[in-house]
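K.L.:
Protein chains in written order, with the numbering used here: chain H, 1302 to 1595; chain E, 17 to 344; chain V, 13 to 268.
Here it is as C-alpha cells:
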C-alpha cells in the first residue's frame, strides 16, 4: 500500500508539471481554436532559461522561475504576433501547420551549437535534497516545491481568470470574438495576454521539470507537450479546471503503468485512456456538449 | 482518357504519354548509371511519400477527416509486407506486389476496425484520437518482438530484401494518382466532398455519412500501407521510431502545403518535400548541415504565411480533370 | 393512403428544456401547409425531428404508413422527404451541378470499383445522373450556372439551388425552412410562384416554415401555429390570422 501511495505521489508530481503545460494549451485553444504545437518547446525554453539562471548566474530558485516565466511569456507573445496573428482569418489548419513549423524551428535552432547545443545537460539543484518520511511514504523537498509552486500558480490563474477584468475579457473573447470586439475589448491584446500567461506557466513548468527530472535537451518538450495536450483534451479542451484534472490523471496513469505494468507501455496506456474517454464523452470529461445548430 | 464513345486525343492522354516518356528517360538514366544509386533512392522515396500523402489527402483533403495517425498505417503496411516477403522462399517479380497487397489489406482492415468507433468524433477530437491510436501502434511496434520475433521490437526489423526499384515505385505512384483521380471525380468522390463541406446537409440529401467516411478512411490507409511496404523494401530496415506521430505530421504538412483536395498539389508538395530535405543535405556544406532542419521549418512557415491555402489551393491541373470540369 | 405524414404526440426535451411538446400534425397528399410561430417556438426542431436529425423523446412520426422515428437522416431522404435549411447549407466547395448530383447518387448502381476502373456502367450512370440534374436545374432557372461554385451564387439563386438539391430524388414531401427569408418583396413574390409551380409540377406535399405573412396568407391552404413548443392553433389562413391566441403569441413578444 505504501508503495502505491508512493507512486501516486510521484504521479501527482508529474501530473502537476503536465498541468502547467496543459493550461497553456487549453487557454490558447479556448481563445483562438489553435492547437499550439510550439507550446511544448516553449516549456523547453523555460527549462533552459532556468538552467542558465541557476547554473551560470547562480541565482536562487524563485528568481530562476520568474526569469523563465518572463522570458517564455515574451517568447509566447512574439510567436503569436509573428506567426499566428497573420493567419487568424485563414483556415485553421494553416495556423496549425505554422505552429508545427515554429515547433520544429525552436527545437532545431536551439540545438545548434551556438545556442543551447544538442546535448543533454544536467540540471543543477540549488539546494540539498531532503526527504521526509510520512508513514513509510517518502516525500522529497523537490516534490514539495513542485506541488507548492504549481498549486500557487494554478490558484493565481483561476483567480485571475475569474476575478479580474482582463480575465473576464479573456473569457468573453473565447465565447465570441466578434461580439467581444464590439463591446470594446481589445481582442489583439487579450489574445496576446492569453498566449503570454500560458507560456509563462509552461516556463515555470520547465524549471520545475528540470529540478525534478534533472536532464534537459532541446527535444525534451515533445513528449511532455504531447501528453499535456492530450491531458487538456481529456479534461475538456478550453476548460481550465479540465486541463488540471486531465493532467493529474495523465501523470498518475503514466506513473502507475510504468511501475505496475511495464515502462515501455506507459505511453500507450495514457493514450488508450484518452481514446476510451473520447468515445464515451466526446468533448472530454468536463467538456460541454456541443450541439450542432441546424 | 476516352470520354463516352469518341476516342479523342485530349490533354489527359497527352499528359499520360509525357509522364510515360519521363519514366522511360529516368529509367534509362538509372540503368546506364548516370543517376547514381543515392539519387535513385531519393527518387523512389519521393514516389513513396507521394503515395502516402495521396492517401491522407483522400482522408483529410477530400473527406475532411482530420487524421494524425497516418504513420501508423504506413508502419503496419511496411511490417506486414516485410513479413510476407520474408516468408516466401521463391524469387520472382510477383513477390513484392504480393507483399504490398498484404500490407495494404492489413492496413485497410485495421483502419476499418478503428474507424468505425473513432470516425464519430468531430474534427480536432478525431485528430487527437487518431494521434493516440498512432502512439499505441508505435508502442506495439516497439514491443513487437514479444509476439513475432522477426519484427525486432525496439531494435527494428532488419534484413528485408531490397525489392523496391524505381519502376515499381513509378507503377504504384501512377496507379495511386489514377485511382484517386477517378475516385474523386465520380459520385463517390462527390459524396466524400459533401461530407467534408457539411456532413449534416450531406446526410439530409441521402449520403450515408458513416459509410462514406469509413470508406475514405480505409482506402486512404491502404495507400499508406502500400507506401510503407515500398519503403520497407527500399531501406531494408524498419525502425519503430520512423513510425511515430512526427512522421504523421510530416505527411500532414505535405498535404496541407500542397493544398487540401488537390492531387496535383500533393504530388508537387510530396516530391518537393523529399527533394528539399535531401537537396538541402547536398547543398549545405557539411559545416552547416545542422541548419538543414532550421531552414526547413522556416520554409514551411513562410509558405503558410503567404499561401495559406497551400500551393495549389484546392485546384487541379487541367489534364487531371475529366472533360466537363476543365476551364476553357 | 389518404394521409401522407402523420405526427402524433411528438415531444422533445433537451436536458431541462422542452423544445417541442405533444405536437401533432397530419399532411394529406397535395397539402401546402404553413408552420408559423414566434422565434424559438420549436418549428425547426419539428423539421429536425421529422428528418431524423434528432430523435424525439416520445411520440410517433408515420410517413406513408411507415414509422420513421429512429431512422437516420439519409434513410429518410431516400424514403421521400426532402428539406431545405433556414441558413442555406449548400456544399460550398462543389459546383452547382455537383450539389444536385450528390443528392441523386444513391439512386445509382455504379459502385466504387466502377468509378475507379471507369466501366461502361459508370459512364452510363454519370450520364443519367447528369441529365437528370441538368433537367432540374433548367426547370429552376439555374442551367447557366452549372459550373459555378455554389458559394459564388447570389442569395436568391442559392435558395433555388437548395430546393433543386432537395427535389432531385423525387421526394413526396418537401420541408421548406424559411424559403423567403432575406428577400425583397419582388423576390418573395417570385418565390411564392416557384413554390406553387414546383408543387404542381412534381406533385409535392409541402410543409413550410415562414415568418413572412404574405407568403403564408398567399399560398398556404392550411396553417399550423406553434408557441413554446406546443401547437396552439390551426386552420385556414384567414381563421388563424384572427385567432386571439395567435395574436397574443406574436404581439406578446417581439410583435411578429
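Where is the CB? At the ideal position from N, CA and C, for every residue including glycine. Note that the coordinates shown come from a computational prediction; the quantities given were computed from them, not determined experimentally.
Can you tell which of V:180, V:217, V:181, V:171 has its C-alpha closest to the C-alpha of residue 199 of chain V?
P.N.:
V:171
K.L.:
Looking at residue 1407 of chain H: is its Cβ nearer than 9 Å to the Cβ of residue 307 of chain E?
P.N.:
Cβ distance not < 9 Å, so residue 1407 of chain H and residue 307 of chain E don't count as in contact.
K.L.:
Out of curiosity, what's the CA-to-CA distance linking residue 336 of chain E and residue 200 of chain E?
P.N.:
11 Å
K.L.:
Going by the CB atoms, is the gap between residue 1486 of chain H and residue 1607 of chain H shorter than 9 Å?
P.N.:
Shown here, chain H extends from 1302 to 1595; a query on residue 1607 of chain H therefore has no answer.
K.L.:
Here's a check: name, in chain order, each residue in its chain whose Cβ is nearer than 6 Å to the Cβ of residue 168 of chain E, leaving out the five neighbours to either side.
P.N.:
A distance below 6 Å between beta-carbons, with the five flanking residues on each side excluded, links residue 168 of chain E to the following residues of its chain, in chain order: 161.
K.L.:
From the DSSP output, which residues share a beta bridge with residue 217 of chain V?
P.N.:
V:185
K.L.:
Give me the chain E residues within the contact set of residue 1391 of chain H, using Cβ-Cβ distance strictly less than 7 Å, ordered along the chain.
P.N.:
324
K.L.:
Within the same chain, show all residues whose beta-carbon is closer than 8 Å to that of residue 36 of chain E, passing over the 5 residues directly before and after it, in chain order.
P.N.:
So no residue of the chain qualifies.
K.L.:
Taking only three categories from DSSP, how would you classify residue 267 of chain V?
P.N.:
Residue placement at residue 267 of chain V is flagged as unreliable, the pLDDT there being 44, under the threshold of 50; a coordinate-derived value is accordingly withheld.
K.L.:
Considering only DSSP beta bridges, list what residue 246 of chain V is partnered with.
P.N.:
V:236
K.L.:
What three-state label does DSSP hand residue 260 of chain E in the structure shown?
P.N.:
coil
K.L.:
How many Å lie between residue 194 of chain E and residue 188 of chain E at the Cα?
P.N.:
Using only the alpha carbons, I get a separation of about 10 Å.
K.L.:
Is residue 18 of chain E helix, strand or coil by DSSP?
P.N.:
Only weak support exists for where residue 18 of chain E lies, its pLDDT of 46 falling under 50; the value from the coordinates is given anyway. DSSP places residue 18 of chain E in coil when its eight states are reduced to three.
K.L.:
What residue range does the alpha helix (DSSP H) around residue 1473 of chain H cover?
P.N.:
1466 to 1476
K.L.:
State whether the segment 188 to 203 of chain V contacts the segment 237 to 249 of chain V, with contact taken as three or more CB pairs (one from each stretch) at a distance under 8 Å.
P.N.:
no
K.L.:
Return helix, strand or coil for residue 59 of chain E, following the three-state DSSP convention.
P.N.:
Correct three-state label for residue 59 of chain E: helix.
K.L.:
Which of helix, strand or coil does DSSP assign to residue 164 of chain V?
P.N.:
helix
K.L.:
So is residue 198 of chain V in contact with chain E if we call contact Cβ pairs under 9 Å?
P.N.:
no
K.L.:
Below 8 Å, how does it come out for the segment 239 to 258 of chain E and the segment 297 to 317 of chain E: are there three or more Cβ pairs, yes or no?
P.N.:
The segment 239 to 258 of chain E vs the segment 297 to 317 of chain E: no contact.
K.L.:
Relative to chain E, which residues along the segment 1384 to 1408 of chain H have a C-beta separation below 7 Å, given in chain order?
P.N.:
Identification of residues in the segment 1384 to 1408 of chain H having a C-beta nearer than 7 Å to some C-beta of chain E yields 1384, 1387, 1388, 1391, 1392, 1394, 1395, 1398, 1399, 1401, 1402, 1403, 1405, 1406, given in sequence order.
K.L.:
Roughly how many angstroms lie between the CA atoms of residue 32 of chain E and residue 38 of chain E, to the nearest whole one?
P.N.:
10 Å
K.L.:
Using CA coordinates, which residue listed in V:57, V:106, V:125 is at the minimum distance from residue 95 of chain V?
P.N.:
V:57
K.L.:
Which residues share a DSSP beta bridge with residue 18 of chain V?
P.N.:
For residue 18 of chain V, which the question treats as bridged, DSSP gives the partners V:38, V:74.
K.L.:
Give the straight-line distance between the Cα atoms of residue 23 of chain V and residue 236 of chain V, rounded to the nearest whole angstrom.
P.N.:
16 Å
K.L.:
Got a sec: which bits of the segment 197 to 220 of chain E sit with their beta carbon under 8 Å from any beta carbon on chain V, in order along the chain?
P.N.:
Answer set for the segment 197 to 220 of chain E: 198, 199, 202, 203, 204, 205, 206, 207, 209, 210, 212, 213, 214, 216, 217, 218, 219, 220.
K.L.:
In terms of residues, what are the limits of the alpha helix (DSSP H) holding residue 90 of chain V?
P.N.:
85 to 91
K.L.:
Please classify residue 158 of chain E as buried or exposed, where buried requires at least 16 other C-beta atoms within 10 Å of its C-beta.
P.N.:
buried
K.L.:
Would you mind working out which of V:76, V:133, V:100 sits nearest residue 39 of chain V, comparing C-alpha positions?
P.N.:
V:76
K.L.:
How is the beta strand (DSSP E) around residue 46 of chain V delimited, first residue to last?
P.N.:
44 to 48
K.L.:
So which residues on chain H does residue 314 of chain E lean against when the C-beta distance must stay under 8 Å?
P.N.:
1402, 1406
K.L.:
Quick check on residue 165 of chain E: buried or exposed, where buried means 16 or more other Cβ atoms within 10 Å of its Cβ?
P.N.:
exposed
K.L.:
Hey, is the segment 233 to 244 of chain E in contact with the segment 127 to 139 of chain E, meaning 3+ C-beta pairs nearer than 8 Å?
P.N.:
Three or more Cβ pairs drawn from the segment 233 to 244 of chain E and the segment 127 to 139 of chain E lie within less than 8 Å of each other, which places the two stretches in contact.
K.L.:
Look up residue 44 of chain E in the DSSP assignment and say whether it is helix, strand or coil.
P.N.:
helix
K.L.:
Confirm the yes/no value for this check: CB of residue 232 of chain V, any heavy atom of the ligand GTP, distance under 8 Å.
P.N.:
Judged by which ligands are present, the structure shown has none, so any question about the ligand GTP falls away.
K.L.:
Using the Cβ count rule (16 or more neighbours within 10 Å means buried), how would you classify residue 1564 of chain H?
P.N.:
exposed
K.L.:
If you draw a straight line from the alpha carbon of residue 66 of chain V to that of residue 145 of chain E, how long is it in whole angstroms?
P.N.:
25 Å
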